[in-house]
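Just so you know, the sequences run in chain order A and B. Note that the first sequence covers residues 211 to 491 in this note's numbering. Note that the second sequence covers residues 0 to 70 in this note's numbering. Don't be surprised by glycine CBs; every beta carbon is placed ideally from N, CA and C. Being a predicted model, the structure only gives us computed values, none of them experimental. Before any comments, here is the structure.
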Amino acid sequence: MGRLVYAAAMSHVLYPDYYGKNVGPHGRKMVEELIAVVREMGRELLATRPDALVVIADDHLNVFSFDAIPAMCVRIGRSVERMVQADAIEFDQALDGLPQRYPLHEDLANRILEEGMEADFDFAASWSAPLDHAFLSPVSTLCGDTPSPPLVPFWVNCFVAPQPAARRCYAAGRHIARVISEGPWRVAAIATGGLSHFPELSLARVGTSAPSFDRHLVGLMEGGDHDTLCALTAKELDLTGSHEFLNWMVLMGMTGPERARVRFFGEMGRIDLAAVEWGTA
Amino acid sequence: MSRYEVNVLLFRLKKDAGFRGRFREDARGALVDAELTDEERDAFVRWDARRLNELGGSLHLLISIPGLGGH
């Protein structure tokens with residue numbers, strides 16, 4: 211029987227220059243502290259010797275254009291490339307210097323997709339979508355110089371309304387957990403993004419976050435109160451800039467009613483940074 | 000409001016360096032075939048990112064177009 215051997219969620223712009231430029235020394239220092247914590251978490255992740263690493267993250271309009279935006283998408287195939295952006299701005303510069311190609315866990319991805327369709331999850335599938343910083347900044351920080359385990363990238367539409375509901379993301383995570391439990395593999399999983407930033411996706415509000423809401427979410431995760439988290443509405447996630455918390459909801463569906471352990475929480479002003487993990491025993 | 004057209008153009012500005020170059024040299028000329036309202040076209044030509052955002056333009060595209068984006 212397969213099992214989930216590691217589960218964690220973390221902010222995904224792990225790039226000191228970005229916060230140094232846009233926030234200042236305080237921002238740079240805070241993200242450097244977070245990076246140190248994520249590296250330690252990575253050592254713990256790799257020590258579980260996973261056969262696959264499921265990465266639940268979002269697209270920043272880098273991959274899926276407005277021609278078609280899937281609510282949730284499984285990356286299938288044998289390998290995946292990192293996104294290449296000419297003359298990239300800071301977000302995308304986080305990818306510079308990383309390996310160009312990463313192995314995928316084709317069998318697990320196919321099972322999540324195929325059994326998902328049988329279980330009434332209308333997942334999209336992509337054979338070609340590359341990965342942006344939401345996936346590769348955490349993966350590269352966690353794994354360091356060690357090659358990453360074969361990946362199963364899983365996209366959630368966090369930014370183009372209408373997004374999937376929090377409860378639906380949680381249900382998708384329950385489905386992925388079932389697939390893992392019925393398979394032969396040891397699987398690690400991470401969700402990325404957040405916490406609050408870019409409220410209402412409004413350029414006028416860039417630079418602000420919602421620390422009280424983030425503290426509320428952290429408290430619910432620490433208490434394992436998944437019913438309340440599943441009741442989060444699209445409106446409150448949008449108003450607070452908590453769009454990427456949908457990725458975390460998928461992961462919490464995978465862990466079930468476990469209490470979270472907070473490894474890092476920092477209020478920067480522009481964004482609140484966090485790294486959280488769940489028991490998988 | 001043609002949110003789709005605004006975002007298709009923003010996506011193209013991010014991903015298509017040739018189009019981006021033509022836009023920077025002659026914004027109105029680069030948009031001649033685009034199906035935009037007068038208000039949208041004016042916001043593009045003046046590169047009023049905040050107005051484009053208010054008109055439905057994706058924040059993540061607006062802040063990440065090389066040479067035009069930023070915070």
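Query: Minimum Cβ-Cβ distance from L61/B to chain A less than 8 Å; Result: yes
Query: For W395/A, three-class secondary structure by DSSP; Result: coil
Query: Residues of the segment 406-420 of chain A whose Cβ lies closer than 7 Å to any Cβ of chain B, in chain order; Result: F408, L411, S412, L413, A414, V416
Query: Nearest residue (CA-CA) to L413/A, options N52/B, L30/B, I64/B; Result: N52/B
Query: Neighbour flag for L12/B against chain A, beta carbons, 8 Å; Result: no
Query: Test item: CB-CB of L305/A and L346/A under 8 Å; Result: yes
Query: Against chain E: residues of the segment 256-285 of chain A by CB proximity under 7 Å; Result: In the displayed structure, chain E is absent; the protein chains listed are A and B.
Query: Exposure label - K445/A; buried when at least 16 CB within 10 Å; Result: exposed
Query: Presumed contact (8 Å Cβ cut-off) between A401/A and A219/A, rounded CB distance; Result: 4 Å
Query: C-beta neighbour in chain A for M0/B, strict 8 Å; Result: With a pLDDT of 44 at M0/B, under the threshold of 50, the modelled position of that residue is not reliable, and no figure is offered here.
Query: Contact belief for G383/A with M462/A at Cβ below 8 Å, rounded distance in angstroms; Result: 6 Å
Query: Cross-chain neighbours of G17/B in chain A, by beta carbon under 9 Å; Result: Result: empty, since nearest Cβ-Cβ is about 11 Å, beyond 9 Å.
Query: Contacting positions in the segment 301-323 of chain A - beta carbon closer than 8 Å to chain B; Result: F301, D302
Query: Contact with chain A by G55/B, beta-carbon distance below 8 Å; Result: no
Query: D482/A, DSSP secondary structure in three states; Result: strand
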